[in-house]
Amino acid sequence: MRLHTLLRYGAYPVIFGGVATFVLAWSTFDRSPWPAFALVALAGLFAVAVLERVQPFEPDWNHDHKDTVTDAVHVLVNLLLMSATAYLLHGVAGRLPTMTVWPQSWPIALQVLLAGAILDVGLYAMHRMSHHVHWMWRLHAIHHSAERLYWMNGERRHPLSALLLAGPGLVAAVLLGAPAAVISAWLTLLTVHLGFQHANFDYSLGPLRRWIGGAELHRWHHRRDYADAQVNFGEFWLIWDWLCGTRFDRPMPVQADDVGLDEPFPHAYTAQLFWPFASRRRHF
Ligand SMILES: [Zn+2]
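Quick note on my numbering: the sequence shown kicks off at 1395 and runs consecutively.
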């Protein structure tokens, strides 16, 4: 088998599977996720970055678009935010009034999948709202302002947008009694998945592309035309897009200059943080 084919179909399952094995094993010991989960998430993202150099989807997207430093800050800030959330969950574990419906006796992998499904439904709903409620769109627009798609775009988010997107699903999972280790494990897996989802890496999920939100379908979500970008909202699963009629697939790839926003956007990190509160333009 050619190396290209091997990487195209094998890289995602090997790397995502490796990270999953690590976090599941760590979760069974009931130890603090900090800093182990943040480090393994960074290792997964680094692997995606290397694969982009070996086998890019679009060579031009491997070059700086005046965005590399800003995106690195986004990655650090949002990974710290995720770690702080995981750490906080561990700190308050057992002290919050929660329901007793959580299936504690299930194998850890199934519990992580269940927590992931709850978080993913919340993310889908909030992501869709972020495209239709004006003030939420202004916070979310930073994510869509990327002029290229690559490994750091998964974390290119306004911290308030990240909290808005993940908040309801997290609260629901906690109230249902999901253990902190289970939620932290899914957040770590999701970070690596989001790196793949935005990766400038020529890979395929094969027949699973219609059910898991990989780069092949997610690139359609980043089209420059606002009307065209109302598809494939799913963060991990595309089941919600399928059920709600927002899944979109075409055999032809997205073009290099077809992603971004149709208006100028600041490049500096602090300017991006303030942009949502200054911009008046409506997209809808
Ligand atoms: Zn979006």
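Cβ coordinates follow ideal geometry from the N, Cα and C atoms, glycine included.
Just so we're clear, the structure is a prediction, and the values are computed from it rather than from any experiment.
C-beta contact flag for residue i and residue j at 9 Å
| i | j | result |
| --- | --- | --- |
| His1524 | Leu1533 | The identity of residue 1524 in the sequence shown is Ser, whereas the question assumes His. Cβ atoms of Ser1524 and Leu1533: closer than 9 Å. |
| Leu1599 | Val1506 | no |
| Arg1618 | Leu1655 | yes |
| Trp1631 | Trp1669 | no |
| His1552 | Leu1667 | yes |
| Val1515 | Leu1570 | no |
| Gly1628 | Gly1607 | yes |
| Ser1539 | Phe1671 | no |
| Leu1517 | Leu1490 | no |
| His1612 | Glu1541 | no |
| Val1434 | Thr1492 | no |
| Leu1475 | Leu1557 | yes |
| Ala1572 | Leu1508 | yes |
| Gly1454 | His1661 | As written in the sequence, residue 1454 is Asp, which differs from the Gly given in the question. No, Cβ-Cβ distance for Asp1454 and His1661 is not below 9 Å. |
Residues that residue i bridges to, as DSSP identifies them
| i | result |
| --- | --- |
| Phe1595 | Pro1450 |
| Arg1617 | Val1653 |
| Trp1631 | Ile1606 |
Contacts around residue i, its chain only, beta-carbon distance under 6 Å, and the 5 residues preceding and following it disregarded
| i | result |
| --- | --- |
| His1398 | none |
| Leu1588 | Gly1548 |
| Asp1465 | Met1546, Arg1550 |
| Ile1502 | Leu1418, Ser1421, Thr1422 |
| Ala1441 | Ile1409 |
| Phe1439 | Residue identity check: residue 1439 is Leu in the sequence provided, not Phe. Around Leu1439: Trp1545, Gly1589. |
| Val1469 | Met1546, Glu1549 |
| Arg1522 | Phe1627 |
| Leu1554 | Leu1533 |
Residues of its chain near residue i, where Cβ-Cβ distance is below 7 Å and the 5 sequence neighbours each way are ignored
| i | result |
| --- | --- |
| Met1467 | The sequence given here places Val at residue 1467; Met does not occur at that position. Within the same chain, Val1467 has close Cβ partners Tyr1663. |
| Glu1452 | Asn1594, Ala1650 |
| Ala1432 | Leu1473, Ser1477 |
| Asp1643 | Arg1604, Leu1611 |
| Met1520 | Leu1558, Leu1559, Pro1562 |
Beta carbon proximity, residue i to chain D, threshold 9 Å
| i | result |
| --- | --- |
| Leu1599 | In the structure shown, chain D cannot be found, because there is only a single protein chain. |
Residues near residue i by beta carbon distance below 8 Å, same chain, minus five either side
| i | result |
| --- | --- |
| Gln1624 | His1525, Thr1640 |
| Tyr1406 | Phe1590, Tyr1597, Leu1599, Gly1608 |
| Trp1529 | Pro1670 |
| Ile1633 | Trp1605 |
| Ala1487 | Pro1573, Ala1574 |
| Arg1402 | Gln1449, Asp1596, Tyr1597, Ser1598 |
Contact between the region 1544-1563 and the region 1587-1600 (3+ Cβ pairs under 8 Å)
Yes, the region 1544-1563 is in contact with the region 1587-1600.
Under 8 Å: do the region 1558-1571 and the region 1407-1423 share three or more Cβ pairs, one atom per stretch?
Pairwise C-beta distances place the region 1558-1571 out of contact with the region 1407-1423, as fewer than three of them are shorter than 8 Å.
Determine, using beta-carbon pairs with one atom in the region 1408-1416 and one in the region 1571-1584, whether at least three such pairs fall under 8 Å.
Note that the region 1408-1416 touches the region 1571-1584; at least 3 beta-carbon pairs, one per stretch, sit closer than 8 Å.
Check whether the region 1647-1664 and the region 1608-1622 are in contact - that is, three or more C-beta pairs closer than 8 Å.
At 8 Å Cβ cutoff, the stretches touch.
Any 3 or more C-beta pairs closer than 8 Å across the region 1570-1579 and the region 1473-1489
Contact holds: three or more Cβ-Cβ distances are below 8 Å.
Taking only runs that begin and end inside the region 1560-1609, name each unbroken alpha helix (DSSP H) of 4 or more residues, in chain order.
The DSSP assignment places 1574-1591 as complete runs of the alpha helix (DSSP H) inside the region 1560-1609, in order along the chain (cut-off: 4 residues).
If we require 4 or more residues per run, which alpha helix (DSSP H) segments fall completely within the region 1479-1528?
Listed in chain order, the complete alpha helix (DSSP H) runs (minimum 4 residues) inside the region 1479-1528 are 1502-1524.
Every unbroken alpha helix (DSSP H) within the region 1409-1467, with a cutoff of 4 residues, ordered by chain
The region 1409-1467 contains these whole alpha helix (DSSP H) runs: 1430-1448.
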